[in-house]
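**Student:**
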Amino acid sequence: MRPASVHEARARFEHGEIDATALRHVEDEAILHAISRQEQVGLHAVTDGEFRRAFWHFDFFGGLDGVEIVAEDSGMAFKGLAPKPHAVHITGKVGFPADHPMLEHFRFVRDHASVLAKQCIPAPTVMHFRLAPKSIDSDIYPDRDALFADLAQTWRDAIAAFYAEGCRYLQFDDTAWAYLCSETERQRARERGLDTEGLADAYSALLNEILRDRPADMTITTHVCRGNFRSTWIASGGYEPVARQLLGETGYDDFFLEYDTERAGGFEPLRFLPRGDQRVVLGLITSKSGALEDPEAVRARITEAAQFAPIEQLALSPQCGFASTEEGNVLTEAQQWAKLAEIVRIADEVWPRV
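The sequence shown begins at 62 in our numbering and counts up one residue at a time.
Quick look at the structure:
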């Protein structure tokens, strides 16, 4: 969650009261504090909290070649609330520029963390799934599917660029898989002109094309999100409709899956996880409210999940971030840090560190 200093500085920047340099100084100080707190609670990989972003995805997309972020209804239907209207328009050939601003964001964490510096970016499937037909320049891409080749190259270039900067832990945040688990969201997609039949197979193939040349010493994971804005959500539905393609056929190292409510369904889809080194990270600790979970109940759910995947291939995390947008979820910073500390305590009990 962004501290008050960042909220205040961003508001002053928007009103022209401070310049970009002054804003960055405030962000730097807040990020240094966030890195320190993450290390103090026992995390072995830390991020900048995305304090320099307004959205978890639009800021990254807007830094790509050929992409513009416009003030337009995105069609995202959160339960009871709506974020600021933003949408992606494809106006040129999509590509990853050498000066993408998030490379500099990563460098700051790399240079100030005493543990592994982790970077999160949205998955290409998010862009493809959310696009409306009118938002694509048909002279460049006649339809959505014509984007696949350039999306693959763009994300391969992103992997290479972050790796060159020293990144060894990159995460693709992804809502598309969760939407494919929801009949409501599949229907909305069809209304946008997107044929969802066979899309899970197409997405797995796209991601494997991106991952095929990744460096051997680079961990690349994904987080499958059901929507996260001011503690609200979008999609419901268990992972069964996509588990074969996502867990069984897509070459991520780890899969962060949300399991904090009954909306996620049961653990049965974990049976598709191949035996080996890949892991499912169980998002059993909700980031949408501040009350701490009962540790015994969390351990019991881990045991239940281990009926379908080896416990050594499981791990524990929050269900999602605490602030997927700059507004943040409905809890306090103190509650956020308490939840992270509880996750570390429970994980150390279930999977003792060697």
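Ideal Cβ placement from N, Cα and C applies to all residues, glycine included.
Within the continuous alpha helix (DSSP H) that includes residue 358, where are the two ends?
**Tutor:** Here residue 358 refers to the residue found at position 297 of the sequence shown. Per DSSP, residue 358 belongs to the alpha helix (DSSP H) from 356-366.
**Student:** Is the stretch 207-214 in contact with the stretch 259-275, if contact means three or more CB pairs nearer than 8 Å?
**Tutor:** Yes: at least three Cβ pairs fall under 8 Å.
**Student:** Hey, would you say residue 232 sits closer than 7 Å to residue 262, going by beta carbons?
**Tutor:** Taking the sequence shown and counting its residues from 1, one reaches residue 232 at position 171. Taking the sequence shown and counting its residues from 1, one reaches residue 262 at position 201. Cβ distance not < 7 Å, so residue 232 and residue 262 don't count as in contact.
**Student:** Would you check if the distance between the CB atom of residue 148 and the CB atom of residue 128 is smaller than 7 Å?
**Tutor:** Your numbering for residue 148 matches position 87 in the sequence shown. Your numbering for residue 128 matches position 67 in the sequence shown. No, they are not a contact pair.
**Student:** Going by DSSP, name the residue or residues bridged to residue 178.
**Tutor:** Taking the sequence shown and counting its residues from 1, the one referred to as residue 178 is at position 117. Answer by DSSP bridge pairing, in chain order: 107.
**Student:** Quick one: Cα of residue 350 to Cα of residue 385, how far?
**Tutor:** Here the question's residue 350 lines up with position 289 in the sequence shown. Here the question's residue 385 lines up with position 324 in the sequence shown. The straight-line gap from Cα to Cα measures roughly 14 Å.
**Student:** Can you give me the C-alpha to C-alpha distance between residue 194 and residue 300, rounded to a whole angstrom?
**Tutor:** Looking up residue 194 in the sequence shown gives position 133. Looking up residue 300 in the sequence shown gives position 239. Going by the C-alpha atoms only, they are around 27 Å apart.
**Student:** Assuming residue 270 is part of the alpha helix (DSSP H), what are its boundary residues?
**Tutor:** On the sequence shown, position 209 is the one that residue 270 refers to. Unbroken alpha helix (DSSP H) run through residue 270: 260-272.
**Student:** Under 8 Å by Cβ, that's how I've got residue 89 and residue 169 pegged, so tell me the actual separation to the nearest angstrom.
**Tutor:** Residue mapping note: residue 89 aligns to position 28 of the sequence shown, counting from 1. Residue mapping note: residue 169 aligns to position 108 of the sequence shown, counting from 1. Right, the Cβ-Cβ distance comes to about 7 Å (below 8 Å), so this counts as a contact.
**Student:** Excluding sequence positions up to five away, which residues of its chain have a Cβ less than 8 Å from the Cβ of residue 365?
**Tutor:** In the sequence shown, counting from the first residue as 1, residue 365 sits at position 304. Correct list, in chain order: 328.
**Student:** Could you have a look at residue 97 and say whether DSSP puts it in helix, strand or coil?
**Tutor:** Indexing the sequence shown from 1 puts residue 97 at position 36. Helix at residue 97.
**Student:** Considering residue 232, what are the terminal residues of the beta strand (DSSP E) in which it resides?
**Tutor:** One-based indexing of the sequence shown puts residue 232 at position 171. It spans 230-235 - the beta strand (DSSP E) in which residue 232 sits, taken as one unbroken run.
**Student:** Measure the CB-CB distance between residue 121 and residue 220 and report whether it falls below 7 Å.
**Tutor:** Translated into positions along the sequence shown, residue 121 becomes position 60. Translated into positions along the sequence shown, residue 220 becomes position 159. For residue 121 and residue 220, no; Cβs fall outside 7 Å.
**Student:** The beta strand (DSSP E) that contains residue 172, what's its start and end?
**Tutor:** On the sequence shown, position 111 is the one that residue 172 refers to. Unbroken run through residue 172 is the alpha helix (DSSP H), 162-173; no beta strand (DSSP E).
**Student:** Please classify residue 183: does DSSP put it in a helix, a strand, or coil?
**Tutor:** Translated into the one-based positions of the sequence shown, residue 183 becomes position 122. The answer is strand: DSSP assigns residue 183 an E or B state.
**Student:** Going straight from the alpha carbon of residue 62 to that of residue 201, what length do you get?
**Tutor:** Translated into the one-based positions of the sequence shown, residue 62 becomes position 1. Translated into the one-based positions of the sequence shown, residue 201 becomes position 140. One C-alpha to the other measures close to 39 Å.
**Student:** In the DSSP assignment, find the alpha helix (DSSP H) that holds residue 154 and state where it starts and stops.
**Tutor:** On the sequence shown, residue 154 is found 93 positions in, with the first residue counted as 1. Here residue 154 belongs to no alpha helix (DSSP H); instead the beta strand (DSSP E) covers 148-156.
**Student:** Could you please give me the residues that DSSP links to residue 284 through a beta bridge?
**Tutor:** Translated into positions along the sequence shown, residue 284 becomes position 223. Per DSSP, 234, 317.
**Student:** Which residue wins for smallest C-alpha separation from residue 331, given the options 342, 321, 322?
**Tutor:** Numbered from 1 along the sequence shown, position 270 holds the residue referred to as residue 331. When only C-alpha atoms are compared, the closest one is 342.
**Student:** Could you compute how far the alpha carbon of residue 64 sits from the alpha carbon of residue 91?
**Tutor:** In the sequence shown, the residue the question calls residue 64 occupies position 3. In the sequence shown, the residue the question calls residue 91 occupies position 30. In a straight line, the C-alpha of residue 64 is about 7 Å away from that of residue 91.
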